[in-house]
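Numbering (our numbering), first residue to last: -9 to 669.
Ideal Cβ placement from N, Cα and C applies to all residues, glycine included.
Read through the structure below, which is laid out as structure tokens, and then see the notes.
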Amino acid sequence: MMAKNKNIFNMNLKSIIGGVAVGIIAVAQISCKPNNKGGVSGSSELAGDAAQKVYVAPGTHDEFYNIVSGGFNGQISIIGLPSGRTLRVIPVFSQSPENGYGFSEETKPMLNTSHGFVPWDDSHHIALSTTNSIHDGRWAFINGNNTPRIARISLKTFRTEEIIELPNSGGNHSSPFITANTEYAVAGTRFSVPPDDKADVPISSFKKNFKGYISFVSIDKNTGRMGIKFQLKTPGVSFDLARAGKGKSADWFFFSTYNTEQANSLLEVNASQKDKDFILAVNWKKAEQYLAQGKGKKEAAKYAHNVYSDKVHSATSTIMTEVMTLDPKECPDMLYFIPCPKSPHGCDVDPTGQYIVGSGKLAAVIPVFSFDKMQKAIAAKTFDGNFDGIPVLKYDAVLHGEVQKPGLGPLHTEFDGKGNAITSFFVSSELVRWNIEKLEVIDRVPTYYSVGHLSIPGGPTAKPWGKYVVAYNKITKDRYLPTGPELAQSAQLYDISGDKMKLLLDFPTTGEPHYAESIPASLIEKNSTKIFKIEENAHPYAAKGEKEAKVVRKGNEVHVYMTAIRSHFTPDNIEGVKMGDVVYFHVTNLEQDWDVPHGFAIRGALNAELLIMPGETQTLKWIPTKVGVTPMYCTDFCSALHQEMQGYVRVSPAGSNVPLTWGTGKNPVAEAEQKVAKK
Ligand code: K7E
Ligand code: CUA
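Next comes the structure, spelled out in structure tokens:
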């Protein structure tokens, strides 16, 4: 092993000198070598005018927002296209040391679950809200995989506004996917599990007791407010990915499945036995009808529903106790299985809603199914038996056709809006463009290396904006300066406006990008929130002017109603805090100017810091650990006198009789003490 490593290392050195792309050789151990014709890896594919095409001149803006899942960091990155510049990281399922999300008292409830406080999760899929299957720029949704949840992010504030937990679910991978008019965010469970209220069963009783739950989370048209409308209790298989229909197929949802073998151990082998798994077609309008007819059954389940309010600048977490379920056995004509070779990963619907593309990770072809044929096959009952009571449609009866020899290891497909699909191939490390009607490959281009998801602006919608495709690669190897054992994850931008896809740019991403969507900046930028209006601040501990600043003791709790404005805190001197106290700094940023946050940090805080936006109140909980005078300061360079934005808190021993005094000014505490003495 050592010798091998050394060898690669030597070759890498050579590659720098001699221009041999050696990273590829290393990658070849796990995937095939892209068809690279030499030079520094990929440079030969680089378009001659690439630099010009991605150059966004200083002071000008990108054309698209690229909204990218952070994968195992549980966050979202906002990247500008075509520049590849990272504009923001939005914390969703993980605490953030950048803005205090999940650390401040106001945001901690966002990470509450039925298991308690979960500070870090894994996220895979972005879904942007649509109207008539076209981007409307209102919200982004993303899944929490490990502890199953769906989050809604406002594209006005670029903040997480709501998180709902999904009961009866494990590994929330096939999630979230959005219906045409954002009626629902839909989530299929990756792990089939026994129902939460009857969960203590032997693992070996999988076939009997385990179910694959699909959650339909309704979304309020105006507020975006989420709620679990119902769950479908399907046979115990693994759901991988999904897409809603559009246009003629808008009443339907399509899910890729694997482990239809229903194995509960060594899935690598045991779940790859069958020649075909399934795409599950769900008529969700019919499910709604059954629900209206009273076919639903309430089941006990525990899940958290967390909502953040921009008025009180705080989140609440409510534990819900039941969920409505629909059993397909009592709801005929609602679910159909379409056979799909072999362990399908992506399941994507073209812009017209006519074609459904399955991407079998281990398949040698890309099958494309026809919605019209599916309707005919259902009407004529062209079935190939059933799976656990659900009709299986005949493969040939539903198939539009197969793309032959497309590449190795197809994962995901997006659409360019010109009648073509582009599919990512993990094993052969390439993007392949093919014509949907003719099922012919028309172009292919290597990726560096092992592409997972891909994103065309509007690519999953009825109206692809086209122009670019971004490849999100799983392996970076030699693409960037090395940074120890952990390397940046890599995205690559290609121009798809012409006949040939052309590589324009590599850019590193934060975390591991799985899925991303891209949307024209014009649909979002004009709505961006600049400040929170101080007069609308309804936080119970807000101080909406320096006159309202105060310190209040309630038993051993000390509440500091503090204000921040360039360049001081009020109060900035506090005495009378004692060991054993729990101090809450409720800091209101009085600024009403865009881009003037203040920070707050206090020495020895075991929790965190704060970053407070204009007009907002945020709270840091601090339990003093030492007697003495403790400094506190603003952490965000807010003005020329930012460094002067500081203060002190005096902590005395428990039981001391130092009076509670505070102020900002010449000798604030002395003045306050005189006032106390006069009384
Ligand atoms: Cu990364 Cu969408 Cu979780 Cu495919 S999944 S790559
Ligand atoms: Cu406020 Cu620096």
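Margin query: If you reduce the DSSP assignment to three classes, tell me which class Gly672 lands in.
Written below: This structure cannot settle anything about residue 672, because the visible part of the chain is limited to -9 through 669.
Item checked: Phe627 Cβ short of 7 Å to the ligand CUA heavy atom set -> For the ligand CUA, at least one heavy atom lies less than 7 Å from the Cβ of Phe627.
Check: With DSSP run on the structure shown, which of helix, strand or coil describes Phe181?
Finding: It is coil, neither helix nor strand.
Item checked: Nonlocal neighbours in the same chain, by C-beta distance under 8 Å from Lys197, ignoring five residues either side -> Result list for Lys197: Gly226 and Gln252, in chain order.
Check: Cα separation between Lys297 and Ala305?
Finding: According to the sequence as given, residue 297 is Val; it is not Lys. C-alpha separation (whole angstroms): 5 Å.
Margin query: Among Val435, Lys408 and Glu476, whose alpha-carbon lies nearest the alpha-carbon of Gly448?
Written below: Lys408
Note to self: What I want to know is whether the C-beta of Gly442 ends up closer than 7 Å to one or more non-hydrogen atoms of the ligand K7E.
What the structure shows: True, at least one ligand heavy atom lies under 7 Å from that Cβ.
Margin query: On the CB-based measure, 16 or more other CB atoms within 10 Å of its CB, does Gly589 come out buried or exposed?
Written below: buried
Margin query: Rounding to the nearest angstrom, what Cα-Cα distance links Trp129 and Val58 in this structure?
Written below: 14 Å
Notebook entry, point to check: According to the Cβ coordinates, are Pro166 and Asn136 closer than 8 Å?
Noted result: no
Notebook entry, point to check: Roughly how many angstroms lie between the CA atoms of Ser21 and Ser414, to the nearest whole one?
Noted result: With a pLDDT of 47 at Ser21, under the threshold of 50, the predicted position of this residue should be treated as unreliable, and no value is reported.
Notebook entry, point to check: Could you give the distance in angstroms between the alpha-carbon of Thr654 and the alpha-carbon of Met552?
Noted result: About 11 Å.
Note to self: Could you tell me the alpha carbon to alpha carbon distance between Asn102 and Asp496, rounded to whole angstroms?
What the structure shows: 37 Å
Next item on the list: In angstroms with no decimal places, state the Cα-to-Cα distance between Asn89 and Lys534.
Entry: 21 Å
Check: Is any heavy atom in the ligand K7E found nearer than 7 Å to the beta carbon of Leu401?
Finding: yes
Checklist line | Sheet register partners of Trp129 (DSSP bridge) | finding: Ser144
Next item on the list: Determine the contact status of Phe220 and Ala277, defining contact as a CB-CB distance below 8 Å.
Entry: yes
Margin query: Taking 6 Å as the limit between beta carbons, can you name the residues of its chain near Ala(-7), skipping five residues before and five after?
Written below: With a pLDDT of 35 at Ala(-7), under the threshold of 50, the modelled position of that residue is not reliable, and no figure is offered here.
Notebook entry, point to check: Any idea what DSSP makes of Pro498, helix, strand or coil?
Noted result: strand
Item checked: Stretch pair the segment 179 to 194 + the segment 141 to 150: three plus CB contacts closer than 8 Å -> Segments in contact, no.
Margin query: At a cut-off of 7 Å, would you count Leu231 as near the ligand K7E, judging by its Cβ distance to the nearest heavy atom?
Written below: yes
Next item on the list: Since I believe Gly61 is in contact with Ser113 (beta carbons under 8 Å), could you give me their beta-carbon distance rounded to a whole number of angstroms?
Entry: Contact holds; Cβ gap of about 6 Å.
Check: Which value, in whole angstroms, describes the spacing of the CA atoms of Lys238 and Glu151?
Finding: 32 Å
Check: DSSP on Tyr505, reduced to helix/strand/coil?
Finding: Annotated three-state conformation of Tyr505 is coil, per DSSP.
Check: For the candidate residues Ser159, Glu420 and Val617, whose alpha-carbon lies nearest to that of Gln670?
Finding: Examination of residue 670 is not possible in this model, given that the chain is present from -9 through 669 alone.
Notebook entry, point to check: Going by C-alpha distance, which of Ile346, Leu352, Lys43 and His303 is nearest Ser333?
Noted result: With distances taken between Cα atoms, Ser333 lies closest to Leu352.
Item checked: Chain-order list of residues whose beta-carbon lies under 8 Å from that of Thr311 (same chain, five-residue window excluded) -> Ala290, Ala291 and Lys292
Notebook entry, point to check: To which residues does DSSP link Gly217 through a beta bridge?
Noted result: Ser208.
Checklist line | Inter-residue Cα distance where the pair is Lys146 and Asn517 | finding: 6 Å
Margin query: the ligand CUA and Ser159: does any heavy atom of the ligand fall closer than 7 Å to the residue's C-beta?
Written below: no
Next item on the list: Excluding the 5 residues preceding and the 5 following Lys(-4) in the sequence, name in chain order all residues of the same chain whose CB lies nearer than 6 Å to its CB.
Entry: With a pLDDT of only 33 at Lys(-4), under the threshold of 50, the placement of this residue in the model should not be trusted, and no figure is reported.
Item checked: CB-CB length for His390 against Phe359, believed under 8 Å -> That belief holds up - the Cβ atoms of His390 and Phe359 are roughly 6 Å apart, short of 8 Å.
Margin query: I'd like the span of the alpha helix (DSSP H) that includes Ile368, first residue to last.
Written below: Judged by DSSP secondary structure, Ile368 falls within the alpha helix (DSSP H) whose first and last residues are Phe361 to Ala369.
Note to self: Please classify Pro81 as buried or exposed, where buried requires at least 16 neighbouring CB atoms within 10 angstroms.
What the structure shows: buried
Note to self: What does the Cβ neighbour count give for Ile309, buried or exposed, with the cut at 16 atoms within 10 Å?
What the structure shows: With fewer than 16 Cβ atoms within 10 Å of its Cβ, Ile309 is classed as exposed.
Item checked: Start-to-end residues for the alpha helix (DSSP H) that takes in Asn260 -> Leu257 to Asn260
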